[in-house]
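Below is one structure, written out as structure tokens; comments come after it.
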Amino acid sequence: MNKIECIGRIPLFQGFPRHLLRKISTFCVERSYGPGDLLCREGTKGLGLFFIVEGKVEIFGSASNGKEKRLATLGPGEVVGEMMILDRSPRSASARALDDVTCYLMPEWDFRRLLKAYPEIAVRLLPTLAGRIRAMDKAMLS
């Protein structure tokens, strides 16, 4: 499957015309990670969003006692790093490959340009954000 087809299968971009998927693909850089590799670390400045193409990624944070707390496990079609797009704050959690992971990294500034040109993408991102906030709330209460 080529890059444009992979991007077209990401729920955030499903149904977009091919010319737009082609444009989106020009912003994305393919990255590969092995089991245990960090995609991003809590507290650091984010470079952009990761769109998972293959593999599983664990999202985790540091609990008040200093231990790791698993927040979610994500797979193909899901997004890592969307929270920093909202407020440009440091990463709120870390992401670690659980197996061999292939993803596309889209730099923050390119994603912001895309949002300005195609606000529908922001609307499509809202359910993902709401789900992540609910998951974090649930994890904090358990």
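Using the UniProt record's numbering, count along the sequence shown one by one with no gaps and you end on 142. For glycine and all other residues, C-beta sits at the position ideal for the given N, C-alpha and C.
Between the alpha carbons of Glu78 and Ile10 lies a distance of about 7 Å. Restricting attention to Ile52, Ala130 and Tyr118, the CA atom closest to the CA of Lys23 is found in Tyr118.
The beta carbons of Glu58 and Leu125 sit no closer together than 8 Å. Distance between Gly36 and Cys6, taken at the CA atoms: about 24 Å. A Cβ-Cβ separation of about 5 Å places Gly46 in contact with Arg91 under the 8 Å criterion. Here the stretch 96-105 lies against the stretch 26-41, with 3 or more beta-carbon pairs under 8 Å apart.
Burial check for Gly43: the Cβ neighbour count within 10 Å stays below 16, so the residue is exposed. Assigned with DSSP and collapsed to three states, Ile24 falls in helix. Residue pairing of Glu58 in beta bridges, as defined by DSSP: Thr73 and Arg96. Comparing C-alpha distances from Arg41 to each of Phe60, Leu21 and Gly75 shows the shortest one belongs to Phe60. Of all alpha-carbon atoms in Ser25, Gly15, Ser64 and Thr73, the one lying nearest the alpha-carbon of Val101 is that of Thr73.
A straight line joining the alpha-carbon of Leu114 with that of Leu71 spans about 28 Å. Trp109 and Val29 have their C-alpha atoms spaced approximately 14 Å apart.
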